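Report on the following structure.
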Amino acid sequence: EMYGFGPLEPLMNDPDVSDVLINGADTVFVERRGKLERTDVRFADNNHLLHLIQRLVGRAGRRIDEVSPMVDAKLPDGSRLHAVIPPLTSKGPTLSIRRFSKTAVEFEDMVRSRSLTREMADFLIACVRGRMNILLSGGTGAGKTT
Numbered sequence: 519e520m521y522g523f524g525p526l527e528p529l530m531n532d533p534d535v536s537d538v539l540i541n542g543a544d545t546v547f548v549e550r551r552g553k554l555e556r557t558d559v560r561f562a563d564n565n566h567l568l569h570l571i572q573r574l575v576g577r578a579g580r581r582i583d584e585v586s587p588m589v590d591a592k593l594p595d596g597s598r599l600h601a602v603i604p605p606l607t608s609k610g611p612t613l614s615i616r617r618f619s620k621t622a623v624e625f626e627d628m629v630r631s632r633s634l635t636r637e638m639a640d641f642l643i644a645c646v647r648g649r650m651n652i653l654l655s656g657g658t659g660a661g662k663t664t
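Dropping the structure here:
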């Protein structure tokens, strides 16, 4: 595999998948529409997974090896990648990829889905128009990027 995502290609092409989580060659999960699911995707072995990680990290202009066994990077499509390899992991390489929707979410969408009240949306719109600094915080998957 010289390009693409190897065994992950179908997952990366699925618009409903927001996260791909890999813990060793035979444990691959996805978050699809807010639900975590184990997949049937497998790598031949941990070296196969390690080579994919090295290739993806290299595409982002970074490196990962025994001297630098943990890396965060942004992929060309805007996805965020976090990878950890031995000796920091005991069961083989780990990789997580956070994907982002290709369509923008509008304030009206968030009000309709009850993610925000009308008042909250109006306040945030006023802050943006007023060029104010805004700090957003929350746990993983809470919607900060949205």
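Sequential numbering from 519 applies to the sequence shown in my numbering. From the three backbone atoms N, C-alpha and C, an ideal C-beta is built for every residue, glycine too. Note that this is a predicted model, so its numbers are computed, not measured.
On the three-state DSSP scale, how would you describe Phe-618? Correct three-state label for Phe-618: coil.
Assuming contact is defined by CB atoms lying nearer than 8 Å, are Val-538 and Ser-614 in contact in what I supplied? A contact, by the Cβ cut-off of 8 Å.
Rounded to a whole number of angstroms, what is the C-alpha to C-alpha distance between Ala-543 and Met-650? Between Ala-543 and Met-650, the C-alpha separation is close to 46 Å.
Start-end ranges of the beta strand (DSSP E) lying completely within the region 578-616, minimum 3 residues: The qualifying runs are 588-592, 598-602, 612-616.
Where does Val-548 sit, in a helix, a strand or coil, going by DSSP? Of the three classes helix, strand and coil, the one that applies to Val-548 here is strand, per DSSP.
Compute the Euclidean distance between the alpha carbons of Thr-607 and Asp-627, then round it to the nearest angstrom. When rounded, the distance between both Cα atoms is 40 Å.
Environment of Pro-617 [buried if 16+ CB atoms lie within 10 Å]: In the sequence under discussion, the amino acid at residue 617 is Arg, which differs from the Pro named in the question. Under a 10 Å Cβ-count criterion, Arg-617 is classified as buried, with 16 or more other Cβ atoms of the shown protein chains found around its own Cβ.
Between which two residues does the beta strand (DSSP E) holding Glu-624 run? No beta strand (DSSP E) contains Glu-624, which DSSP labels as neither H nor E.
Find the nearest neighbour of Ala-660 within the set Glu-549, Asn-564, Arg-560, judged by alpha-carbon distance. Looking at the Cα atoms, Glu-549 is the closest of the given residues.
Please confirm if the region 628-646 is in contact with the region 589-608, defined as three or more CB-CB distances below 8 Å between the two stretches. Not touching, per the Cβ criterion.
Thinking C-alpha only, which one of Glu-584, Asp-583, His-600 is nearest Ala-591? Of Glu-584, Asp-583, His-600, the residue nearest in Cα terms is His-600.
Considering only residues of the same chain and omitting the five flanking positions on each side of Gly-596, which have a CB-CB separation below 7 Å? Within its own chain, the residues whose Cβ lies closer than 7 Å to the Cβ of Gly-596, once the five positions on either side in sequence are excluded, are Phe-618, listed in chain order.
Could you work out which residue in Arg-647, Leu-634, Asn-541, Arg-577 is closest to Ile-603 when comparing CA atoms only? Answer by Cα proximity: Asn-541.
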